[in-house]
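**Q** The structure follows.
2 protein chains.
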Amino acid sequence: MTITLYELAGTDLSRPFSPHCWKTAMALAHKGLDFDRKTVSVTQVPQVEGGVSKTVPVIRDGSRVVADSFLIADYLEETYPDRPSLFGGEGGQAMARFVESWSQSTLHAALNVIALQEIHDRLAPEDQAYFIPSREARLGKSFDEVAALRDAEIAGFSAKLTPLRVMLKSQPWIGGSSPLFADYIVFGALQWVRLVSTARLLEEGDAVTDWFERCLDLHGGLGRSAPAAG
Amino acid sequence: MTITLYELAGTDLSRPFSPHCWKTAMALAHKGLDFDRKTVSVTQVPQVEGGVSKTVPVIRDGSRVVADSFLIADYLEETYPDRPSLFGGEGGQAMARFVESWSQSTLHAALNVIALQEIHDRLAPEDQAYFIPSREARLGKSFDEVAALRDAEIAGFSAKLTPLRVMLKSQPWIGGSSPLFADYIVFGALQWVRLVSTARLLEEGDAVTDWFERCLDLHGGLGRSAPAAG
Numbered sequence: 001m002t003i004t005l006y007e008l009a010g011t012d013l014s015r016p017f018s019p020h021c022w023k024t025a026m027a028l029a030h031k032g033l034d035f036d037r038k039t040v041s042v043t044q045v046p047q048v049e050g051g052v053s054k055t056v057p058v059i060r061d062g063s064r065v066v067a068d069s070f071l072i073a074d075y076l077e078e079t080y081p082d083r084p085s086l087f088g089g090e091g092g093q094a095m096a097r098f099v100e101s102w103s104q105s106t107l108h109a110a111l112n113v114i115a116l117q118e119i120h121d122r123l124a125p126e127d128q129a130y131f132i133p134s135r136e137a138r139l140g141k142s143f144d145e146v147a148a149l150r151d152a153e154i155a156g157f158s159a160k161l162t163p164l165r166v167m168l169k170s171q172p173w174i175g176g177s178s179p180l181f182a183d184y185i186v187f188g189a190l191q192w193v194r195l196v197s198t199a200r201l202l203e204e205g206d207a208v209t210d211w212f213e214r215c216l217d218l219h220g221g222l223g224r225s226a227p228a229a230g
Numbered sequence: 001m002t003i004t005l006y007e008l009a010g011t012d013l014s015r016p017f018s019p020h021c022w023k024t025a026m027a028l029a030h031k032g033l034d035f036d037r038k039t040v041s042v043t044q045v046p047q048v049e050g051g052v053s054k055t056v057p058v059i060r061d062g063s064r065v066v067a068d069s070f071l072i073a074d075y076l077e078e079t080y081p082d083r084p085s086l087f088g089g090e091g092g093q094a095m096a097r098f099v100e101s102w103s104q105s106t107l108h109a110a111l112n113v114i115a116l117q118e119i120h121d122r123l124a125p126e127d128q129a130y131f132i133p134s135r136e137a138r139l140g141k142s143f144d145e146v147a148a149l150r151d152a153e154i155a156g157f158s159a160k161l162t163p164l165r166v167m168l169k170s171q172p173w174i175g176g177s178s179p180l181f182a183d184y185i186v187f188g189a190l191q192w193v194r195l196v197s198t199a200r201l202l203e204e205g206d207a208v209t210d211w212f213e214r215c216l217d218l219h220g221g222l223g224r225s226a227p228a229a230g
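First to last, the sequence lines map onto chains V and Y. Oh and the first sequence: position 198 is 198 in UniProt numbering, straight run, nothing missing. Oh and the second sequence: position 210 is 210 in UniProt numbering, straight run, nothing missing.
Structural data, given as structure tokens:
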């Protein structure tokens, strides 16, 4: 049975951009499961599957509805244990939470500043009207204040990837010799900015760039199928 | 058979302070293995077990000699598979490398600045003579230049622990419901500064502080057995 993935998009439906939804798309592909992607706008999220969650991703798998990218990964791992593992065991499942916390508090914090205006510009007018106050409240800053920080965040972004860069000296994936959900967690963040922003954050010759390109190639080029912001 | 752990100490043998050696001490205790701790000074390291490594920890387990804290953990996991796992599976083993890279590039980078002079002051004169140029070369700065950065590094340190702090909202250990080697990796960094520095980097009421105190209690209070710098 085909799983339905509800994910966020702006006016350009070819670029669903939510980092968390990308984690789930990659997780579903990793498990080799068939899935349909249904895009919803920011203001449509509260109606998904009868209002089960304030955020996407949400999946429907037969009679089961699950929200939250990490809980979905947990669900897939438990429900489809004979398919390729997303965690490589309980230790990997636990440590993926550390990777998530790092990605969220370090990368997302910066990307929320870097891409704020560009995300806004990709939304329909009714979504923009919701997005501006909700983001200003979350960031504790006005759009103008965030814009003033953008150049410094772009300049400092590469250094935030140092832990991943150092790790890539000893193995090709966060999951070790092959990718696991922890890779998709970090991929989601960088895919998000690839799809919405013209900021160039990854430099050629950087091990992180090479890793990200390998991620884009995974699962038949699933990530690459959405075109980069031009 | 008792395993020998060679670890670093200064003039005060009750405070072996190397973060990497603490990782190994905790890993050996986690596996429930008997071990003797042999302290060596900075300048004695190249003579350990016939000069097998430029760094400690080094362990001898019967006829096997292994150096490097992560490789020792790998060795223990492989050699003693029936004892409590250090990684919780292959995924956890791989992701512990990410935790190591994060700890090294973020925490150690700061602690090398914060504790530099205090480490120096705990060494014997012949070790100090080696330590000064070797650390100045590694840090690319003189002791005076490092000293000028110390207050800012102390002030900024708590923020560097944010990924761990955020993760602790969803689980009590990096290993999940119980500690794994990844916990000992981060513990090693904070134990190092606890033993050599009077800088107070962990605040009461912080989830990271609570986690660190739990680490100090593990394995019969192994970490707490070494007195904090006063």
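Every residue, glycine too, gets a C-beta built ideally from N, C-alpha and C.
Would a check of beta-carbon distances place residue 239 (chain V) closer than 7 Å to chain Y?
**A** This structure gives no information on residue 239 (chain V), because the portion of chain V shown stretches from 1 to 230.
**Q** What are the boundary residues of the beta strand (DSSP E) that Asp36 (chain Y) is part of?
**A** 35-40
**Q** Excluding the 5 residues preceding and the 5 following Gln117 (chain Y) in the sequence, name in chain order all residues of the same chain whose CB lies nearer than 7 Å to its CB.
**A** Phe143, Ala147
**Q** Are the C-beta atoms of Ser69 (chain Y) and some chain V residue less than 7 Å apart?
**A** no
**Q** Who are the neighbours of Gln47 (chain Y) on chain V, taking C-beta pairs under 7 Å?
**A** None at all; the shortest Cβ gap to chain V is about 28 Å.
**Q** Do Cys215 (chain Y) and Phe187 (chain Y) come within 7 Å of each other at the CB atom, strictly closer than that value?
**A** yes
**Q** Quick one: which unbroken alpha helix (DSSP H) runs of 4-plus residues sit fully inside the region 33-98 of chain Y? Chain order, please.
**A** 69-79
**Q** Using a Cβ-Cβ cut-off of 8 Å (strictly less than) and excluding sequence neighbours within five positions of Val193 (chain Y), which residues of its own chain qualify?
**A** Leu111, Ile114, Ala115, Ala199, Leu201
**Q** What in chain Y is Cβ-close to Ala102 (chain V), meaning under 7 Å?
**A** The sequence given here has Trp at residue 102 (chain V), not Ala. Ordered by position in chain Y, the residues that pass the 7 Å Cβ test against Trp102 (chain V) are Trp102, Pro163.
**Q** Per DSSP, which residues does residue 248 (chain Y) bridge with? Please list them.
**A** Any question about residue 248 (chain Y) goes unanswered here, given that chain Y covers just 1 to 230.
**Q** So, at 7 Å on beta carbons, what are the nonlocal neighbours of Lys141 (chain Y) in its own chain, with the 5 sequence-adjacent residues on each side left out?
**A** none
**Q** Just checking: is the beta-carbon of Glu90 (chain V) within a distance shorter than 7 Å of some beta-carbon in chain Y?
**A** yes
**Q** Short of 9 Å Cβ to Cβ, which residues in the region 147-177 of chain Y face chain V?
**A** Of all residues in the region 147-177 of chain Y, Thr162, Pro163, Leu164, Arg165, Val166, Met167, Leu168, Lys169, Ser170, Gln171, Trp173, Ile174, Gly175, Gly176, Ser177 have a Cβ within less than 9 Å of some Cβ in chain V.
**Q** Any beta-carbon of chain Y closer than 7 Å to the one on Met95 (chain V)?
**A** yes
**Q** Would you mind reading off the limits of the alpha helix (DSSP H) that contains Lys160 (chain Y)?
**A** 143-160
**Q** Which value, in whole angstroms, describes the spacing of the CA atoms of Val99 (chain V) and Ser103 (chain Y)?
**A** 12 Å
**Q** State the DSSP-derived secondary structure class of Gly221 (chain Y), mapped to helix, strand or coil.
**A** helix
**Q** Among the candidates Y:Leu218, Y:Tyr184, Y:Gly175, Y:Pro16, whose CA atom is the shortest distance from the CA of Gly89 (chain V)?
**A** Y:Gly175
**Q** Out of V:Asp12, V:Gly62, V:Val66, state which residue places its alpha-carbon closest to the alpha-carbon of Lys54 (chain V).
**A** V:Val66
**Q** Under DSSP, the alpha helix (DSSP H) around Lys23 (chain Y) begins and ends at which residues?
**A** 19-30
**Q** Check whether the Cβ atoms of Glu126 (chain V) and Thr43 (chain V) lie closer than 7 Å to each other.
**A** yes
**Q** Answer with yes or no whether the minimum CB distance from Ala182 (chain V) to chain Y is below 7 Å.
**A** yes
**Q** Are there 16 or more other CB atoms within 10 angstroms of the CB of Ser170 (chain Y), so buried, or fewer, so exposed?
**A** Label assigned to Ser170 (chain Y): exposed.
**Q** Using the DSSP secondary-structure output, state which residues sit across from Trp102 (chain V) in a beta bridge.
**A** Paired residues: none, contrary to the question.
**Q** For Ser53 (chain Y), would you say it is in contact with chain V, using Cβ-to-Cβ distances shorter than 7 Å as the test?
**A** It does not: the Cβ of Ser53 (chain Y) has no partner Cβ on chain V nearer than 7 Å.
**Q** Near His219 (chain V), what residues of its chain come up, given a Cβ to Cβ distance below 6 Å and the 5 sequence neighbours on each side ignored?
**A** Ala29
**Q** Label Pro84 (chain V) either buried or exposed according to how many other C-beta atoms from any shown protein chain fall within 10 Å of its C-beta, with 16 as the threshold for buried.
**A** exposed
**Q** In chain order, what residues of the same chain have a beta carbon less than 8 Å from the beta carbon of Met95 (chain V), not counting five sequence neighbours either side?
**A** Ala182
**Q** When the cut-off is 7 Å and only beta carbons count, does Phe87 (chain V) lie next to chain Y?
**A** yes
**Q** Nearest chain V C-beta to Phe98 (chain Y) closer than 7 Å, yes or no?
**A** yes
**Q** Name the chain V residues whose beta carbon is nearer than 7 Å to that of Thr106 (chain Y)?
**A** Among the residues of chain V, those whose CB is under 7 Å from the CB of Thr106 (chain Y) are Pro163, following chain order.
**Q** What residues are listed by DSSP as bridge partners for Trp211 (chain V)?
**A** DSSP output for Trp211 (chain V) lists no bridge partner at all.
**Q** Do Pro172 (chain V) and Ser101 (chain Y) have their C-beta atoms within less than 7 Å of each other?
**A** no
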